[in-house]
Structure formats: C-alpha cells, structure tokens
Amino acid sequence: MTKELQNKKIAILVTDGFEQVEMTKPRQAFDDAGATTHLISPKDKTVRGWNHYDKADEFNVDVALNQANPDDYDALLLPGGVANPDQLRTNPSVVEFIKAFFTADKPVAAICHGPWTLVEAEAVQGRKITSWPSLKTDLKNAGANWVDEEVVIDGNLVTSRNPHDIPAFISAAIALFSRVTATA
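Count along the sequence shown from 1, then add 933; that gives the number in this note's numbering.
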C-alpha cells in the first residue's frame, strides 16, 4: 500500500448532522494513505452523523474548534449533510478556520452540501465547483461557476456532488493533498 499522505495532517470539520459516509470513507482512505486525521468541531465532545434523514453514529471530537489551529494542518475536509454545513456556516469561528486554509493556499475538499460553508468563507468567487444540486443557485450567486460533474478540481479546491461520487472524490482529494508539503 502506498503512503501518499505520509506525515500529512488533515482537519475534518463537522458538527451534528454531517452525512456519515462523507466523513468516514474519506477519513479511512486518508488514514490508510498515511495521514493523521483530526475530527474538529465547535462541539467539544461528540458529534452525530446522519445517513440521509436518519440519525447514525456518534464520533468523538479529536480537537474542539476553539483549540484548533489551521496552521497545524496541511488540508481540510468538509463533509456534507444538510444540517452540518448549515450550522457551520453561521459560526464565525468556523468561517475564519476555513478562510485560513484558502489564505494559506492549502487544499480543501468539500462534498455534497459541504461547499455551502465555502460561500460564507468567500472562497468560491470565480471557481469551477460542483455540489449537491440544491446549492447551485447559492454557489452561482456567490460567483462560482457551478457544474454538474462527479468531481471538480479548481486550484487547491476539490468538490463532488454526493455519496455516489465518493470513490472519485477520494482519489482526487488524495492526489491534491499529496502535492502539499507536510506541516512540521
């Protein structure tokens, strides 16, 4: 097994209501590729995933958002789920955390409803991007070039539409994340 992400630290930003498979499958793939992944949340103990409209498993938060420093991470994963990004995008600390990755030109991967938070972080203007179809108007209104494609890479940003795109999303994210120099 190759270790394309050896010595890379990846932040996974979620709160209750994230689409569970959009966190667990990429996280496992990143871990298998040698990365260290941290589940980061405004909540400080546990977060609950969802399987579409049904509550799913609880996961321990590795680092509370108020203790997390974007400088400590090489890349950021933003899973979807409707409730997750809708809550995250209203939290100024979350928005600043996400902005820090773009300011530092670090790679970000967002799937399904995950790109919703990118609108608040002012990170979509002029970018080619995809997402769950219901975000199309929001993303276009924020200046994105929204397309209906399995996976889209635009500079340091990779996006996908839904859980069916996860295999392509993981491949693209690992390729993008592997190009960055690991944080010391």
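Built from N, CA and C at the ideal position, the CB exists for glycine as well.
#### Entry: Pairwise C-alpha distance: residue 984 and residue 1058
31 angstroms
### For residue 1103: DSSP bridge partner residues
DSSP lists no partner for residue 1103.
### Message
For residue 997, list the residues DSSP reports as bridge partners.
### Response
974
### Chain-order list of residues whose beta-carbon lies under 6 angstroms from that of residue 1089 (same chain, five-residue window excluded)
1038, 1040
### Task
Only counting runs of 3 or more residues, tell me where the beta strand (DSSP E) segments fall wholly within the region 1013–1056, in order along the chain.
1041–1044
### Three-state secondary structure assigned by DSSP to residue 1074
helix
#### Entry: Burial state of residue 1126, where buried means 16 or more other Cβ atoms lie within 10 Å
With the chain covering only 934 through 1117, there is no way to say anything about residue 1126.
### Query
Bridge partners of residue 1085, per DSSP?
1092
### Message
According to DSSP, residue 984 sits in a beta bridge with which residue or residues?
### Response
987
### Task
Would you check if the distance between the CB atom of residue 999 and the CB atom of residue 1115 is smaller than 7 angstroms?
no
### Message
At the level of alpha carbons, what is the spacing between residue 1069 and residue 1063?
### Response
8 angstroms
### Task
Give every residue of the same chain whose Cβ lies closer than 8 angstroms to the Cβ of residue 989, excluding the five residues on either side of it in the sequence, and list them in chain order.
953, 981, 982, 983
#### Entry: Distance, residue 1002 Cα to residue 1077 Cα
27 angstroms
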